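Chains as they are written, first to last, in our numbering: chain G, 539 to 869; chain V, 539 to 869; chain S, 539 to 869; chain R, 539 to 869.
We treat Cβ as the ideally placed atom computed from N, Cα and C, and that holds for glycine.
Note that the structure is predicted; figures quoted are calculated from it, not measured.
Protein chains: 4
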Amino acid sequence: MNSFGVNFRISLFGESHGPAIGVIVDGCPPGIPIIQEDFMTDLMRRQSGSKGTTKRKEPDLPEIISGVLDGVTTGAPVALMTRNSDKISSDYDEFRNVPRPGHADFVSRIKFSGFSDIRGSGHFSGRITWGLVAAGVIAKKITASMSISAKLISAGGSEDIEKAVNEAIASNDTIGGIIECSVKHPPLALGEPFFYSLESALSHIIFSIPAIKGIEFGVGFAAASMRGSVHNDSFVDSNGKTSSNNAGGINGGISNGNEIIFRMVVKPTSSTGTDQTTFNFKEGKMTTLKVKGRHDTCIALRMPVIVEAATAIVLADLILTDRGIHGTRKM
Amino acid sequence: MNSFGVNFRISLFGESHGPAIGVIVDGCPPGIPIIQEDFMTDLMRRQSGSKGTTKRKEPDLPEIISGVLDGVTTGAPVALMTRNSDKISSDYDEFRNVPRPGHADFVSRIKFSGFSDIRGSGHFSGRITWGLVAAGVIAKKITASMSISAKLISAGGSEDIEKAVNEAIASNDTIGGIIECSVKHPPLALGEPFFYSLESALSHIIFSIPAIKGIEFGVGFAAASMRGSVHNDSFVDSNGKTSSNNAGGINGGISNGNEIIFRMVVKPTSSTGTDQTTFNFKEGKMTTLKVKGRHDTCIALRMPVIVEAATAIVLADLILTDRGIHGTRKM
Amino acid sequence: MNSFGVNFRISLFGESHGPAIGVIVDGCPPGIPIIQEDFMTDLMRRQSGSKGTTKRKEPDLPEIISGVLDGVTTGAPVALMTRNSDKISSDYDEFRNVPRPGHADFVSRIKFSGFSDIRGSGHFSGRITWGLVAAGVIAKKITASMSISAKLISAGGSEDIEKAVNEAIASNDTIGGIIECSVKHPPLALGEPFFYSLESALSHIIFSIPAIKGIEFGVGFAAASMRGSVHNDSFVDSNGKTSSNNAGGINGGISNGNEIIFRMVVKPTSSTGTDQTTFNFKEGKMTTLKVKGRHDTCIALRMPVIVEAATAIVLADLILTDRGIHGTRKM
Amino acid sequence: MNSFGVNFRISLFGESHGPAIGVIVDGCPPGIPIIQEDFMTDLMRRQSGSKGTTKRKEPDLPEIISGVLDGVTTGAPVALMTRNSDKISSDYDEFRNVPRPGHADFVSRIKFSGFSDIRGSGHFSGRITWGLVAAGVIAKKITASMSISAKLISAGGSEDIEKAVNEAIASNDTIGGIIECSVKHPPLALGEPFFYSLESALSHIIFSIPAIKGIEFGVGFAAASMRGSVHNDSFVDSNGKTSSNNAGGINGGISNGNEIIFRMVVKPTSSTGTDQTTFNFKEGKMTTLKVKGRHDTCIALRMPVIVEAATAIVLADLILTDRGIHGTRKM
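What follows is the structure, encoded as structure tokens:
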């Protein structure tokens, strides 16, 4: 279940402390210019380095393994890979017996019968999102007529994000945040009823990103307190422009041509520096766990580019799937 | 794109005002007892009738077309269907020129090149969820060891739901609400990384239900304001029981054995009785639209059973997909 | 696993002696004219009636349940169904203990743990191909620029098919045959590498038709005795026309624009009128079985239209899946 | 469309003259021992070297990129890759204007709008089957209770294969052959009706192997000349053993427990050393083409191990997909 998409289909592989991580993009149309440099801006945005993010450093350079010839996609699967270089696996030995609260250590051990790789969270690591961002770079070329932009709009409950991060660092703790993503100038009528609506497809891929715990479209949860006469977005011209945008640009799961807007909540990083009382499964008693290693105070800082990538992947897939006369695929 | 699931796979068909609506359940294990009566409780819960819901009445009796012999599933696809009987299509003629705000009239016309059936919203109608509920009845038999329960916890912003509905009726307007779903006693380790996590699968199917605009797991959006040391759920015994349940029973996309909890927002019914100023696409100018027909003041009242069904379908699919030694599928 | 196709996706349901059989076509483009009469020619060709075919008679009229409005497809799933009316289930009781040689009675009992419906072979019945033929009628409209034609070219080893059938009837036995299918004027470049080549897709659906036991493309098995210099089809003009067509119009799994040709072998009908010595699983000893019921002397007589339908379904799916600039889907 | 399988799902990537080729195995159960050495026997069988095969030499050592820890699968996707080292791309420049008869040069140029990589046939190359064989090694561990064996039973129409190859070399031409594959001791009841029968699944993957042009199960095309009373395989014991095996161990698309047998035809290698008269698309006139490069006189010599791998992949997928009580997946 490490693949997503119908006609523009990505498959992820790799573990945090394995030899390499990567992605295959199957269904990529031919003729798209793509060189290694194209990936660097987004991969750098995803990387660690700024205050509040992990000290782990990876060059993260993508190798283009297949599907590109002379700087242009050929129509064959595009495989992208990067080597893991800066890993300290001994950090993780203890978690076999004392699974970290909030992490997948416990469930992955059960699910995979004790064989899962928990070093750096293995295949559950946020590091696996490297492949999402890399595939997103290609997807953004397919969706170039739109403007996809995500940003962190609050952290730790505050809109002063820098201050919130500093306070969390000072208390040796971690915080989450809220990311908002906007798609300006989307094509009309993207999204497939009944089960591949824009909201279904976007939430599906967004919840695959580690640490996301909620998503809402348009005014989202605020709709629960609104009257229908207020929530409805009235049409004001023949292109489908609406006077308000409470629906976040989506009616019946289909883009109505207005700006697509949604927000996601990122939980606080599970690897907090403070002591945690939890269970030692080997010794069968409670213990105190202190998670060492190099972790993010606020992982949400690194996630807007991942959200953009995921969004672009969905939109590229829906463009290549649409079959209407006004859509992109013709009989 | 009218199918959902990998190994327990449902396919929906039908339109609100067509001859019939239904669902096929492919991958249903053999040996499950199923008779027509089994469907009635949930189908009645979904039905109209109570205050605040549409006056449209359908017997909604399911015909079991295939996959069941002598009251037991055979392993072949189970097809379930019900005839549409109480339909008044003339209500909808006007919406071809003046698409209703908040509805799919406009986008479906564009997407399907003018050929979409907009009578009663056609294939975009909430009526199509009949098939979800019917399939959910079978899924609930597969997930019988768990307790899946959804309820409306607020409407129009108030926890006094009856009062909120009465006020909305009085003002000839509509309201939305918030539904909470709980799964007690879930099996450990359901959910597939990377792209078929519990959250991905649940959100995917939940957003297919018309009118849902947001979903959050555990404490959800409140996590944005919490510290990691507080949000983390510490393990307290060898079964994985946790002291708190901020994660809603899900770590790394996989069930950790604690109660699975999530909430969804339902927007106010788009068909409000009040006048709406919107665009007349034929005449090319603004107009005033009054939506007649028989509609729900608060469609959220009818949706908990749909949410339960969707949840059961996801869990049944994940049970039949799991391949771990501790899971359900063995080598 | 009762679905086939990626973007033009059909799902079959029903059993030979259940209430009804049918098919859902998901991904059908909007705007295709379709009325009940359109189905009759092909459904009649598939029907019983001629010498050498079963005496079972069904009106087999298709009901259009969904996806069509005012005689035109809407873009929503097209559901087609027909009632089973002429069934005599008592014919089959004996086969629970003495599974018929060549039939699925034995394997379906094992596979579905004793719960399978074996009346008239249940979901394994050739009757289920009704849905294939019905979906094929729609697919043929999408592939209308081509000419798809299948015919029985030999029966019982003889090209004098009528004589072969008469001899088989005289000896109270059954025969098989060879069907050849030709697609004239196919579009260039249909077929998807690596795993959805024309040959992979066609053979996949063709082997789903009961009784097919072999398929070959172009000169097929004869290629084993040919030299490369002879087998290669040289190009002779700028459209890709070739001097010979040993490859059956397919290079690298992709249509090269020349006539697509393939042949299939149909085994003799398993329900032969002669006595068969086989095992009685209840009594644990050998027995003599005489299969009564109304069966086809040469089921292959009824299958060309099924092969055409399957072929049209594959081609429609590949048309809607292609993404090249010279193909049908554009960026 | 470079993926195959439902629950044991492989994805291929790479081109003949690109940096590397490989495969991802998604859905691989945890706990399977796997080390680099395990791959060598089958990869060597697939390799060039013997008389009648290409002189291209590759170490072909697989790198295990992910999904394996300490020599055991973890349940995460297994990625396997090998570098392409011995490539001479200049051999292929001419084929852009004069596509080789029998190859994908022409169709890939059309399909991918001129952007396809035709060096060494690119993604259409037989070299891509490296990934099939590598994935097959894992699949064979899942199907270890069976004995899967394929062999070349004739070449160039002769059962004296060595003589046939020598004669073809002497005449500077190429030959094809027939491969027979046998699965001894298969589990009962593998295969999924309607569209994922054993024959459908096997033929689907087998036809993805370059150069295969036909497949037949059991007696195959010979069934066309047999009477039903002769073709039927009578049961002789309570395990389902049959007196004959004309059906090749498959009834109704499901394994009946007897040996599974099928044969495939491999066309003669398209790259023959003799002159070919064909079309020059650039100059718009006929020309004489002499294919240089290092090619196989009889590619069929290298293919039995590929057929075994493909067969094991199908059987592994069907094992992990079966849901019957007597099958492998339990409720």
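By Cβ distance below 6 Å, which residues in the same chain neighbour V/Leu-728 in space, the five residues on each side in sequence not counted?
Counting from one through the second sequence, the residue named residue 728 of chain V turns up at place 190. Closer than 6 Å at Cβ, skipping near neighbours: Ser-793, Leu-856.
Would you mind listing the alpha helix (DSSP H) stretches within the region 694-772 of chain S that are 4+ residues and don't spill past its ends, in chain order?
Segments of the alpha helix (DSSP H) lying fully in the region 694-772 of chain S: 699-708, 736-744, 766-769.
Within the continuous alpha helix (DSSP H) that includes S/Ser-646, where are the two ends?
Position 108 of the third sequence, counting from 1, holds the residue named residue 646 of chain S. Here the alpha helix (DSSP H) through S/Ser-646 covers 643-649.
Ignore the nearest five residues each way along the sequence and tell me which others in R/Gly-758's own chain have a CB closer than 7 Å to its CB.
Start at 1 with the first residue of the fourth sequence, and residue 758 of chain R comes out as number 220. Closer than 7 Å at Cβ, skipping near neighbours: Arg-801.
Any Cβ of chain S within less than 8 Å of the Cβ of R/Tyr-734?
Within the fourth sequence, the letter at position 196 stands for residue 734 of chain R. Chain S contact via Cβ: present.
Can you tell me whether DSSP reads S/Gly-664 as helix, strand or coil?
Translated into the one-based positions of the third sequence, residue 664 of chain S becomes position 126. If DSSP states are grouped into helix, strand and coil, S/Gly-664 belongs with the helices.
Could you give the first and the last residue of the continuous alpha helix (DSSP H) run that contains V/Ala-926?
For chain V, the structure presents residues 539 to 869; residue 926 of chain V sits outside this window and is missing.
Only counting the same chain, and skipping five residues up and downstream in sequence, which positions put a Cβ closer than 7 Å to that of G/Val-852?
Numbered from its first residue, the first sequence carries residue 852 of chain G at position 314. Contacts found: Ala-739, Leu-740, Ile-743.
For chain V, find out if any of its Cβ atoms is closer than 8 Å to the Cβ of S/Val-803; answer yes or no.
Position 265 of the third sequence, counted from the first residue, corresponds to residue 803 of chain S. It does not: the Cβ of S/Val-803 has no partner Cβ on chain V nearer than 8 Å.
Write down the C-beta distance between G/Val-829 and V/Asn-789 rounded to the nearest angstrom, noting that I regard them as a contact closer than 8 Å.
The residue you call residue 829 of chain G lines up with position 291 of the first sequence. The residue you call residue 789 of chain V lines up with position 251 of the second sequence. Actually they do not touch by this definition, with Cβ atoms about 15 Å apart.
Name the DSSP bridge partner or partners of G/Ala-688?
If you number the first sequence from 1, residue 688 of chain G lands on position 150. Beta-bridge pairing links G/Ala-688 to G/Cys-719.
May I have a chain-ordered list of the beta strand (DSSP E) segments no shorter than 3 residues that lie completely inside the region 775-810 of chain S?
For the region 775-810 of chain S, whole beta strand (DSSP E) runs of length 3 or above, ordered along the chain, are 798-804.
Sort out for me which residues DSSP pairs R/Gly-560 with in a bridge.
As a working note, residue 560 of chain R is residue 22 in the fourth sequence. Answer is R/Phe-551, R/Met-619.
Is R/Gln-574 buried or exposed, if buried means 16 or more other CB atoms sit within 10 Å of its CB?
Along the fourth sequence, read from residue 1 onward, the residue named residue 574 of chain R stands at position 36. Flag for R/Gln-574 reads exposed.
Please report the residue range of the beta strand (DSSP E) in which S/Leu-827 lies.
Against the third sequence, residue 827 of chain S aligns to sequence position 289. Looking at the DSSP string, the run of the beta strand (DSSP E) that includes S/Leu-827 is 823-827.
Since G/Pro-567 and V/Met-539 are thought to touch, with beta carbons under 8 Å apart, how far apart are those beta carbons, to the nearest angstrom?
Locating residue 567 of chain G in the first sequence gives position 29, counting from the first residue. Locating residue 539 of chain V in the second sequence gives position 1, counting from the first residue. Between V/Met-539 and G/Pro-567 the Cβ distance is about 20 Å, and since that is not below 8 Å, they are no contact.
Measuring alpha carbon to alpha carbon, tell me which of G/Asn-704, G/Ala-760, G/Val-675 ends up nearest G/Val-845.
If you number the first sequence from 1, residue 845 of chain G lands on position 307. When only C-alpha atoms are compared, the closest one is G/Val-675.
Between which residues of its own chain and S/Val-606 is the CB-CB distance below 7 Å, once the five residues before and five after are set aside?
Here residue 606 of chain S refers to the residue found at position 68 when the third sequence is read from its first residue. The residues are Ile-572, Thr-612, Val-616.
Looking at G/Arg-634: is its Cβ nearer than 8 Å to the Cβ of G/Ile-656?
Taking the first sequence and counting its residues from 1, the one referred to as residue 634 of chain G is at position 96. Taking the first sequence and counting its residues from 1, the one referred to as residue 656 of chain G is at position 118. Their beta carbons are under 8 Å apart, which means G/Arg-634 touches G/Ile-656 by this criterion.
With burial defined as no fewer than 16 other Cβ atoms inside 10 Å of the residue's Cβ, what is the status of S/Glu-737: buried or exposed?
For the purposes of this step, residue 737 of chain S is identified with residue 199 of the third sequence, where counting begins at 1. Buried.
Excluding the 5 residues preceding and the 5 following R/Ala-702 in the sequence, name in chain order all residues of the same chain whose CB lies nearer than 7 Å to its CB.
For this step, residue 702 of chain R is matched to residue 164 along the fourth sequence. Answer for R/Ala-702: Ala-693, Gly-694, Ser-696, Ile-713, listed in chain order.
Counting contacts by CB-CB distance shorter than 8 Å, is R/Thr-866 in contact with chain S?
Within the fourth sequence, numbered from 1, the residue matching residue 866 of chain R stands at position 328. In this prediction, R/Thr-866 has a pLDDT of 39, which is less than 50 and means its spatial position is unreliable; nothing more can be read from the coordinates.
Helix, strand or coil: how does DSSP classify G/Ser-604 here?
Taking the first residue of the first sequence as 1, we reach residue 604 of chain G at position 66. G/Ser-604 falls in the strand class under three-state DSSP.
Strictly by DSSP, which residues pair up with G/Thr-611?
Here residue 611 of chain G refers to the residue found at position 73 when the first sequence is read from its first residue. BP columns for G/Thr-611 point to G/Val-606.
Excluding the five sequence neighbours on either side, which residues of its own chain have a C-beta within less than 6 Å of the C-beta of S/Lys-679, listed in chain order?
Within the third sequence, the letter at position 141 stands for residue 679 of chain S. Excluding sequence neighbours, S/Lys-679 sits near Ile-570.
Mind checking who V/Ser-541 pairs with in its DSSP beta bridge?
Here the question's residue 541 of chain V lines up with position 3 in the second sequence. According to DSSP, V/Ser-541 bridges with V/Ser-549.
Between R/Arg-621 and chain S, is the shortest Cβ-Cβ distance under 8 Å, so that the two count as touching?
In the fourth sequence, residue 621 of chain R corresponds to position 83, counting from 1. Cβ-Cβ to chain S under 8 Å: no for R/Arg-621.
Taking just the CA atoms, how far does S/Ile-716 sit from R/Ala-760?
Your numbering for residue 760 of chain R matches position 222 in the fourth sequence. Your numbering for residue 716 of chain S matches position 178 in the third sequence. Cα to Cα, R/Ala-760 sits roughly 10 Å from S/Ile-716.
Determine, using beta carbons only, whether V/Pro-637 comes closer than 8 Å to chain S.
By 1-based counting over the second sequence, the position of residue 637 of chain V is 99. Answer no: the Cβ-Cβ gap between V/Pro-637 and chain S never drops below 8 Å.
According to the neighbour-count rule (16 or more other Cβ atoms, all chains shown, within 10 Å of its Cβ), is V/Met-582 buried or exposed?
Sequence index remark: in the second sequence, residue 582 of chain V carries index 44 (1-based). Flag for V/Met-582 reads exposed.
My output table needs one value for G/Gln-814: the three-state DSSP class, helix, strand or coil.
Here residue 814 of chain G refers to the residue found at position 276 when the first sequence is read from its first residue. Strand.
Mind checking the region 648-670 of chain V against chain G and listing, in chain order, the residues whose C-beta falls within less than 8 Å of any C-beta there?
Result list: Ile-648, Lys-649, Phe-650, Ser-651, Ser-659, His-661, Phe-662, Ile-666.
Return the CA-CA distance between R/Asp-860 and S/Asp-711, expressed in angstroms with no decimal places.
As a position in the fourth sequence, residue 860 of chain R is number 322, starting the count at 1. As a position in the third sequence, residue 711 of chain S is number 173, starting the count at 1. Each residue's alpha carbon lies about 35 Å from the other.
Checking 8 Å against the spacing of the C-beta atoms, do V/Gly-756 and V/Asn-777 come in under that value?
Reading the second sequence from its first residue, position 218 is the one you call residue 756 of chain V. Reading the second sequence from its first residue, position 239 is the one you call residue 777 of chain V. Going by C-beta atoms, V/Gly-756 is not nearer than 8 Å to V/Asn-777.
Nearest CA to the CA of G/Asp-608: which residue from R/Thr-807, R/Pro-557, R/Thr-620, R/Ser-588?
As a position in the first sequence, residue 608 of chain G is number 70, starting the count at 1. It is R/Pro-557 whose Cα lies nearest to the Cα of G/Asp-608.
Excluding sequence positions up to five away, which residues of its chain have a Cβ less than 6 Å from the Cβ of V/Lys-751?
What you label residue 751 of chain V is simply residue 213 of the second sequence in a count that begins at 1. Cβ within range, chain order: Val-803, Lys-805.
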